[in-house]
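J.:
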Amino acid sequence: MKPAAAAFSAAAGSGAVPDHLATARLTLRPLRQADAPDLHRFFSDPIAMRHFGAVHHDLAESEDWVRRTLAAPPERTREYAILRAGRVIGKAGIWAAPELGYFLQRCHWGQGLMHEALTALLPRLFADLSLPRITADVDPRNPASARVLERLGFHETGRARNTIQIAGEWTDSVYYALEAPV
1 MKPAAAAFSA AAGSGAVPDH LATARLTLRP LRQADAPDLH RFFSDPIAMR
51 HFGAVHHDLA ESEDWVRRTL AAPPERTREY AILRAGRVIG KAGIWAAPEL
101 GYFLQRCHWG QGLMHEALTA LLPRLFADLS LPRITADVDP RNPASARVLE
151 RLGFHETGRA RNTIQIAGEW TDSVYYALEA PV
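For the sequence shown, counting from 1, position 169 maps to 169 in full-length UniProt numbering; every step adds exactly one.
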């Protein structure tokens with residue numbers, strides 16, 4: 001078992017986890033409508049959105065994304081804001097059970113923050129949603145995202161070509177899965 005997977009196993013058996021999760025550098029808490037302006041910094045960045053979807057040109061689009069996310073059934077969607085020094089810098093969670101989704105504002109890339117956030121969050125998601133596995137879909141042009149998942153113990157389960165069109169460009173998918181801790 002990889003180190004992160006061992007941490008999931010230990011955390012999964014430790015009982016209830018509070019709404020707010022803390023790591024050495026981050027706080028994770030349930031997403032709120034008031035997070036939209038901070039998340040808009042990601043959504044309006046064309047480089048960051050290259051692997052996520054259409055760029056949000058105005059704040060109303062990001063507010064709508066948060067509103068729709070918060071309105072999703074709780075058995076299907078659990079999204080958490082990622083805060084650093086009290087400011088929302090990204091999000092992570094299950095956006096369509098059992099699929100994991102996550103992002104950080106670009107100025108926070110390459111610092112190990114998403115690994116840190118997901119190490120804390122994955123046990124909570126497994127426990128709260130009683131999922132047998134968590135899956136992820138990664139654009140193969142985003143090797144940093146694949147490395148995050150692999151470090152957490154996810155394994156590749158397949159590949160597909162031309163699965164989603166983002167900004168007029170068809171992209172492929174690499175699929176990953178992590179089994180629930182026993």
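Heads up, the beta-carbon is just placed ideally off N, CA and C, and yes, glycines get one too.
1) According to DSSP, what are the bridge partners of Ile166?
2) Express the C-alpha separation of Leu131 and Leu122 in angstroms, rounding to a whole number.
3) Between Phe43, Leu31 and Pro98, which lies nearest to Asp137 when the distance is taken from Cα to Cα?
4) Report the rounded CA-to-CA distance for Arg147 versus Arg141, giving the unit in angstroms.
5) How far does the beta strand (DSSP E) with Thr135 in it extend, from its first residue to its last?
6) Ignore the nearest five residues each way along the sequence and tell me which others in Trp170's own chain have a CB closer than 7 Å to its CB.
7) Mind listing, in chain order, the continuous alpha helix (DSSP H) runs of no fewer than 4 residues lying wholly within the UniProt domain "N-acetyltransferase" (26 to 181)?
8) Going by CA-CA distance only, name the one from Leu149, Ala96 and Tyr80 that's closest to Asp35.
T.: According to the structure data:
1) Bridge partners of Ile166: Glu169.
2) Looking at the two C-alpha atoms, the distance is approximately 11 Å.
3) Taking only the C-alpha atoms, the option nearest Asp137 is Pro98.
4) Counting only the Cα atoms, Arg141 lies some 12 Å from Arg147.
5) Taken as a continuous stretch (DSSP letters only), the beta strand (DSSP E) holding Thr135 covers Arg133 to Val138.
6) Closer than 7 Å at the Cβ level, and outside the excluded window around Trp170, lie Asn162.
7) Listed in chain order, they are 36 to 43, 46 to 49, 59 to 71, 113 to 129 and 143 to 151.
8) The shortest C-alpha separation from Asp35 is found at Tyr80.
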